[in-house]
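Engineer:
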Amino acid sequence: MDLAILLNAGKNQTQAGNILGIHRTSVCKEINRNKDPDGVYRGVHAHKRYLAGRKAVKQPYRKIENDIELQKYIVRKIKNLWSPGQIAH
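Read the sequence shown against the working numbering and you will find it ends at 98, with the numbers running on by one and no gaps.
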């Protein structure tokens, strides 16, 4: 069941929380954190924001994407037909 569907069906935060098996304050936090600028909670947009946030958090730890020299090294080795295992060692 989706939170946005429950809210659109006229359920309040307490009822939606009971159906989803989470506390009403968690429902309130989710709505406030992920509602659109017009004040409406939309599950699809909330999920897109979640995915974007996860990607942003991981960005500093992406070794290849953050190192131009490493990218060049990998491309050179791939052109020389090295396997991923050979490149990693």
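Glycine included, each C-beta is placed from N, C-alpha and C at the ideal position. As the structure is a computational prediction, the values presented were derived from the model and not from experiment.
Does the beta-carbon distance from His-26 to Ser-35 come in below 8 Å?
Structural biologist: Here the sequence assigns Gly to residue 26, which means His is not the residue at that position. Taking 8 Å as the Cβ cut-off, Gly-26 and Ser-35 qualify as a contacting pair.
Engineer: From which residue to which residue does the alpha helix (DSSP H) around Glu-35 run?
Structural biologist: In the sequence on display, residue 35 carries Ser and not Glu. Here the alpha helix (DSSP H) through Ser-35 covers 33-43.
Engineer: Output the distance between the C-alpha atoms of Val-53 and Leu-16, rounded to the nearest integer angstrom.
Structural biologist: Distance between the alpha carbons of Val-53 and Leu-16 is about 14 Å.
Engineer: Start and end of the alpha helix (DSSP H) containing Arg-58?
Structural biologist: Per DSSP, Arg-58 belongs to the alpha helix (DSSP H) from 52-67.
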